[in-house]
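Be aware that the sequence shown starts at 1, since it is given in full-length UniProt numbering, and climbs by one per residue. Beta carbons: idealized from backbone N, C-alpha and C, even for Gly.
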Amino acid sequence: MTNRPEPISKDERKGRIERLRAAMQTAGAEAVLLGSTTSLAYFTGLVWHQSERLVGALVTADSLTYIAPAFEVSKIETLERLDGDIAAWDEHEDPAALTAKLLGQGKTLALDDALPFAIYSALARQIAPERLTDGGPMISGLRAVKSPAEIALMQYAMDATLEVHKRVHAMIEPGIRASDVVRFIDETHRALCGSGSTFAICSFGAATSLPHGVDDDQTYAEGDIILVDTGTIVGGYQSDMTRTYVKAEPSAEFARIWGIEREAQQAVFDAAKPGVSAETLDHAARRVIAAHGLGPDYRLPGLPHRAGHGLGMDIHEAPFIVRGNATPLQPGMCFSNEPMIVVPEKFGVRLEDIIHMGENGPIWFTTPGNGPTEPFA
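Put into structure tokens, the structure is as follows:
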């Protein structure tokens with residue numbers, strides 16, 4: 001593990017607010033309302049868990065105003081955040097009415113797309129619905145392009161998760177339960193980087209054919225196929241990595257599918273060029289899979305889901321590597337490369353590594369594995 005990177009600075013967050021203001025002007029919105037979401041943390045640094053009470057921030061061309069219950073103001077004042085006024089509302093008052101007052105008559109408000117519908121409904125009763133617009137494309141477009149500081153935090157998190165995978169590979173033996181592995185993953189993440197797993201999936205045998213595993217607790221038997229998918233969070237930024245392998249001589253069928261999966265994963269990487277559309281990468285994976293007589297499209301045996309998803313402060317965010325997404329790839333974009341192959345009721349193979357786009361092409365955060373019995377480079 002390298003030295004832990006510095007957290008995102010206030011100066012960088014101020015720059016994000018200025019870019020948001022420029023995007024607002026282009027979109028014709030006088031303000032943006034951020035809810036208790038990762039976008040609030042992204043732009044202001046304030047981390048707040050969402051509830052039925054509105055805690056957020058109103059960003060205008062010349063102001064940043066936090067909106068919060070009056071009884072929470074003293075706590076918010078102690079938390080890391082950009083400077084800004086705090087507009088408080090008491091329990092019997094309507095925060096949507098307060099938001100409308102701060103916005104002003106006749107102005108357009110772009111909404112954080114992760115706001116709950118209940119908050120939208122309350123706002124629509126106070127502000128003409130035609131003046132409420134979807135701020136999601138504007139916000140996700142800004143968040144999708146990562147800065148060097150963001151990439152450094154993600155790299156640290158990815159390095160920790162890679163080491164966790166290596167230790168998991170070494171500790172799995174006959175008789176161990178999936179729940180034991182999941183607990184070990186969390187404990188090891190905490191030991192390595194101070195934060196536990198944001199999620200952990202451990203599947204054995206036929207359960208690997210279910211992309212997100214099974215609910216019951218499995219026991220590993222010698223020769224079982226193993227799928228482990230996990231990640232952690234460092235400085236607000238996620239890691240995500242999957243390995244599928246066996247710790248015995250692989251069957252011919254498993255070895256063949258593992259090789260096709262790795263070929264499809266490499267095709268995604270090779271197709272990732274600045275300026276190409278995100279969907280091009282999904283097409284590249286499916287061409288490889290179809291060429292081997294699997295699929296086509298979402299048919300099984302084959303690839304039942306998109307080939308990848310963006311990664312950052314959220315485990316799934318823009319850009320999504322899926323058919324129909326014409327978003328051009330840009331330097332700084334980060335996304336998973338995981339064109340899983342599912343053989344129903346037998347097994348699945350998912351090899352997942354994360355890419356970040358450089359000026360001249362894709363860069364691996366972690367290097368893919370070598371083979372069905374060698375999950376690490």
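{"Asked": "Does the distance from the CB of residue 94 to the CB of residue 70 come in under 9 Å?", "Found": "no"}
{"Asked": "Suppose contacts are defined by Cβ-Cβ distances below 9 Å. Is residue 218 in contact with residue 178 by that definition?", "Found": "yes"}
{"Asked": "Just the C-alpha distance for residue 315 and residue 150, rounded to the nearest angstrom, thanks.", "Found": "14 Å"}
{"Asked": "DSSP state of residue 8, grouped into three classes?", "Found": "coil"}
{"Asked": "How big is the Cα-Cα spacing for residue 276 and residue 329?", "Found": "6 Å"}
{"Asked": "DSSP three-state call for residue 368: helix, strand or coil?", "Found": "coil"}
{"Asked": "Suppose the cutoff is 7 Å on Cβ atoms and the five residues either side in sequence are ignored; what does the same chain contact list for residue 56 look like?", "Found": "33, 34, 35, 36, 40, 67"}
{"Asked": "Taking the continuous alpha helix (DSSP H) assigned at residue 120, which residues delimit it?", "Found": "117–126"}
{"Asked": "Can you grab the Cα-Cα spacing for the pair residue 222 / residue 199, in whole Å?", "Found": "25 Å"}
{"Asked": "Inspect the CB distances between the region 336–348 and the region 197–211 and report whether three or more fall short of 8 Å.", "Found": "yes"}
{"Asked": "In whole angstroms, what is the alpha-carbon distance linking residue 363 and residue 356?", "Found": "5 Å"}
{"Asked": "With respect to the alpha helix (DSSP H) encompassing residue 397, which residues constitute its N-terminal and C-terminal limits?", "Found": "The question about residue 397 has no answer here: the residues shown for the chain are numbered 1 through 377."}
{"Asked": "Would residue 147 and residue 324 be called neighbours here (beta carbons separated by less than 9 Å)?", "Found": "no"}
{"Asked": "List in chain order: all unbroken alpha helix (DSSP H) runs of 4+ residues lying wholly within the UniProt domain \"Creatinase N-terminal\" (16–145).", "Found": "38–44, 73–76, 95–103, 117–126, 136–143"}
{"Asked": "Could you give the C-beta distance for residue 84 and residue 113, rounded to a whole number, given that I count them as a contact under 8 Å?", "Found": "Not confirmed; about 22 Å, so no contact."}
{"Asked": "Contact defined as beta carbons within less than 8 Å: I believe residue 264 pairs with residue 228. What is the distance between those atoms, to the nearest angstrom?", "Found": "Residue 264 to residue 228, Cβ: 20 Å. No contact."}
{"Asked": "Can you have a look at residue 235 and say buried or exposed, based on whether 16 or more other CB atoms are within 10 angstroms of its CB?", "Found": "buried"}
{"Asked": "Taking only the alpha-carbon atoms, compute the straight-line gap between residue 282 and residue 365 and give it to the nearest angstrom.", "Found": "19 Å"}
{"Asked": "Which residue spans inside the region 144–181 form an unbroken alpha helix (DSSP H) run of at least 4?", "Found": "148–171"}
{"Asked": "For residue 196, which of helix, strand or coil comes out of DSSP?", "Found": "coil"}
{"Asked": "Run through DSSP, which three-state label would residue 279 get?", "Found": "helix"}
{"Asked": "Go ahead and pull the three-state DSSP assignment for residue 423.", "Found": "Here the chain comprises residues numbered 1 to 377, so residue 423 is not present and cannot be evaluated."}
{"Asked": "How many angstroms separate the CA atom of residue 246 from the CA atom of residue 132?", "Found": "53 Å"}
{"Asked": "Where does residue 367 land, buried or exposed, given buried means 16+ other C-beta within 10 angstroms?", "Found": "exposed"}
{"Asked": "Identify every residue that forms a DSSP beta bridge with residue 237.", "Found": "234"}
{"Asked": "Where does residue 230 land, buried or exposed, given buried means 16+ other C-beta within 10 angstroms?", "Found": "buried"}
{"Asked": "Within 10 Å of its beta-carbon, does residue 254 have 16 or more other beta-carbons around it, so buried, or fewer, so exposed?", "Found": "buried"}
{"Asked": "Are the Cβ atoms of residue 103 and residue 109 separated by less than 9 Å?", "Found": "yes"}
{"Asked": "Given a threshold of 16 other Cβ atoms within 10 Å of its Cβ, counted over all protein chains shown, does residue 280 qualify as buried or as exposed?", "Found": "buried"}
{"Asked": "Indicate whether residue 244 and residue 160 have their beta-carbon atoms separated by less than 9 Å.", "Found": "no"}
{"Asked": "How is residue 327 classed by DSSP in three states: helix, strand or coil?", "Found": "coil"}
{"Asked": "Assign residue 298 to buried or exposed, taking buried as 16 or more other Cβ atoms, counted over all protein chains shown, within 10 Å of its Cβ.", "Found": "exposed"}
{"Asked": "Tell me the DSSP secondary structure of residue 208 in three-state form.", "Found": "helix"}
{"Asked": "Could you please give me the residues that DSSP links to residue 360 through a beta bridge?", "Found": "Bridge partners of residue 360: none, in fact."}
{"Asked": "With a CB to CB cut of under 8 Å and the five nearest residues on each side skipped, what residues in its chain are close to residue 211?", "Found": "304, 305, 340, 342, 348, 350"}
{"Asked": "Give me the Cα-Cα distance between residue 168 and residue 174, rounded to the nearest whole angstrom.", "Found": "13 Å"}
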